[in-house]
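All residue numbers for the sequence shown refer to numbering that gives the first Met the number 0, where the first residue is 0 and numbers rise by one. One structure is given here, and the rest of the page talks about it.
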Amino acid sequence: MENHDFGVVGLGVMGRNLLLNMADHKFAVAGLDLDAEKASALATEAKPDQDAKGTTSAEEFVSMLRKPRAIMLLVPAGKPVDSAIASLVPLLDKGDIIIDGGNSYFPDTNRRIAELEEKGIHFFGMGISGGEKGARFGPSMMPGGDKQAYERLRPVFEAIAAKVDGEPCVTYLGAGSAGNYVKMVHNGIEYGIMQLISEVYDLLKRGLGFSDEKLQQMFAEWNEGELKSFLIEITGIVLKKTDDETGKLLVNLISDQAKAKGTGKWTSQNAMDLQAPIPTIDAAVNMRDLSKYKEERVEASKKLTDTPTAHTSSDDEILKSLKEAYYFAMINIYAQGLAQLHIASKEYNYGLKLEDVAKIWRGGCIIRAVCLEDFRKAYARNADLPNILLDDEIGKSLVATQTSARNVIKLAIDKGIPTPAFATALGYYDAYRSERMATNLIQAQRDYFGAHTYERIDKTGTFHTKWD
Ligand code: 6PG
């Protein structure tokens, strides 16, 4: 019985696919799910020569695993993770390993590490990205925490991970909750880029009246050059899909009220705590929230009507600028997320190597894109780079594309199309490259009404002025 290498609790599609991926790499695997159908599906979906067995009994599950046991939880974040841990712990031995593979909130991971350490159980959080297909054929995985425990399981994770240039998209990232933190920021970047793509779509379709066919074609083309990425690729596919029932394009039939599970919001909330500016990710969270106010938006659309403004550029000129503007904004979104990781790593003593983060994001995950290799190189040139905007190569590419970003935003403003991702990306860039910002005025105002004092550029000390 005790011959299974790895166990997963939670046999939803992710859990099942991850185990089937392991089975493909010759590991014997076991799964636990209270739903009998899900538990039996594991063996049914596995190949006849593979050892993959699901059960609904925690006792049986634990007894199937080789000691010291390795168990991954793939259950929804929050209480379900704590309940799964509570039900497993009495059945486990000292030295066993529990891995949380879900999108857990990183302070929860810190708490669980401490609680389980007392019981002699190794615990580490590992963000997993790539959705159902990634889990089945090669995800990107972001482990942090107990390094010794990770090292023991490294062969399993390296075998099942996505590969880029033969290198697995998994590596130990850092102490404590580093794995969940990096995955959280991954998702924040994911929100930012998805918002950016939706703005491209809105500007072209609603603002300029481009046909669906032209949009499909454009995204397919974009996926061939420096914008090649998973999210651009799937956008081209999504825009083509017709609804089986009506024969219409499915995307046009989907409600415009976006949902979210929380990782983007956590990224923004924590960035505020760390004073790490990520305005485009914040805007992406805001726009999903704004989309929920459907009734108000419908009413406002009737009252706050358009004043149409003509434009003079040709479609080809617009598309050329838009492609460059997208590149510019996309880089600024990654820059914000990666800078947040740089700050968080110092604050929480994660010891992150951002070259490794860029490396394992090159494949398998939702934000994989060819530009990640450029970021990896930037961090290889300077491991302590606080912001990729400061890298000479990346900086040059932004200087070369900034005019297009300005032109696209002007066009969107004229057309009344909301483009907060583009606008905040440019605002971030312009503020970041300002030798002197206008915050001297804010300091003066604070001192005026609150005697909050200010510092001067011509002498040291703290000053207060009677302003009137
Ligand atoms: C991934 C995804 C995955 C999940 C998101 C969706 O990396 O594979 O990010 O983790 O699909 O959590 O997040 P929202 O429901 O918040 O959009």
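Note that the Cβ used here is the ideal one computed from N, Cα and C, for glycine as well.
Proximity test, I96 beta-carbon vs the ligand 6PG heavy atom, cut-off 7 Å: For I96, the distance from the CB to the nearest heavy atom of the ligand 6PG is not below 7 Å.
Residues of its chain near L202, where Cβ-Cβ distance is below 6 Å and the 5 sequence neighbours each way are ignored: A411, I416
Three CB pairs or more closer than 8 Å across the region 18-29 and the region 38-54: yes
Element boundaries [alpha helix (DSSP H), containing G263]: 262-273
Proximity test, T262 beta-carbon vs the ligand 6PG heavy atom, cut-off 7 Å: yes
Sequence-distant residues of the same chain with beta carbon closer than 7 Å to T55, five excluded per side: Excluding residues within five positions, the ones whose Cβ falls inside 7 Å are D32, L33, A35, A38.
Spatially closest choice to G426 from S176, G460, A328, E454, by CA coordinates: A328
Nearest-angstrom beta carbon gap, T170 and D373 [assumed within contact, 8 Å]: About 19 Å separates the two Cβ atoms, so there is no contact after all.
Collapsed DSSP secondary structure at V74 in the structure displayed: coil
8 Å Cβ cutoff met for K182 and N102: yes
Sheet register partners of L248 (DSSP bridge): T241
Closer than 7 Å: C364 CB and nearest the ligand 6PG heavy atom: C364 Cβ: within cutoff of the ligand 6PG.
Any non-hydrogen atom of the ligand 6PG closer than 7 Å to K258 Cβ: For the ligand 6PG, at least one heavy atom lies less than 7 Å from the Cβ of K258.
beta-carbon N102 near the ligand 6PG non-hydrogen atom, thresh 7 Å: yes
Heavy atom of the ligand 6PG within 7 Å of E189 beta-carbon: Because some heavy atom of the ligand 6PG lies under 7 Å away, the Cβ of E189 counts as near it: yes.
Other residues of its chain near A450: CB distance less than 8 Å, five sequence neighbours each side excluded: H463
G143: CB within 7 Å of a non-hydrogen atom of the ligand 6PG: no
Closer than 7 Å: H310 CB and nearest the ligand 6PG heavy atom: no
Own chain partners of F122 with C-beta closer than 6 Å, once the 5 adjacent residues on each side are dropped: I97, R111, I112, L115
Strand pairing of K162, partner residues [DSSP]: P167
Status (buried if at least 16 other CB within 10 Å, exposed otherwise) for W466: exposed
Close-in-space but distant-in-sequence residues of the same chain around T510 (CB under 6 Å, 5 per side omitted): No information on residue 510 is available, as it lies outside the stretch 0 to 467 that the chain covers here.
beta-carbon F128 near the ligand 6PG non-hydrogen atom, thresh 7 Å: The residue you asked about is not Phe; residue 128 is Ser in the sequence shown. Yes, the ligand 6PG has a heavy atom inside 7 Å of this Cβ.
Same chain, Cβ closer than 7 Å to H24, neighbours up to 5 away in sequence not counted: By the criterion of a C-beta distance shorter than 7 Å, H24 is surrounded in its chain by A158, I159, once the five residues flanking it on both sides are discounted.
Counterpart residues of T54 in DSSP-defined beta bridges: L31
Extent of the continuous beta strand (DSSP E) run through G6: 5-8
Which residues DSSP lists as bridging D99, in chain order: Note: D99 sits in a beta bridge opposite L72, G124.
Reference F218; option with closest CA among G208, G235, S228, K227: G235
Environment of F5 [buried if 16+ CB atoms lie within 10 Å]: With 16 or more other Cβ atoms within 10 Å, it is buried.
In chain order, each alpha helix (DSSP H) run of at least 4 residues that lies wholly inside the region 350-374: Qualifying alpha helix (DSSP H) stretches, in chain order: 353-359.
beta-carbon N186 near the ligand 6PG non-hydrogen atom, thresh 7 Å: yes
Three-way DSSP call (helix, strand, coil) for Y453 in this model: Y453 falls in the strand class under three-state DSSP.
Buried or exposed by the 16-neighbour rule on C-beta atoms within 10 Å, applied to S320: buried
Bridge-paired residues (DSSP) for F462: Note: F462 sits in a beta bridge opposite Y453.
Cβ shell of F26 (< 7 Å), same chain only, five flanking positions each side left out: For F26, where only same-chain residues beyond five positions count, the Cβ hits under 7 Å are D4, F5, V155.
Cα-Cα separation between K264 and M286, rounded to whole angstroms: 12 Å
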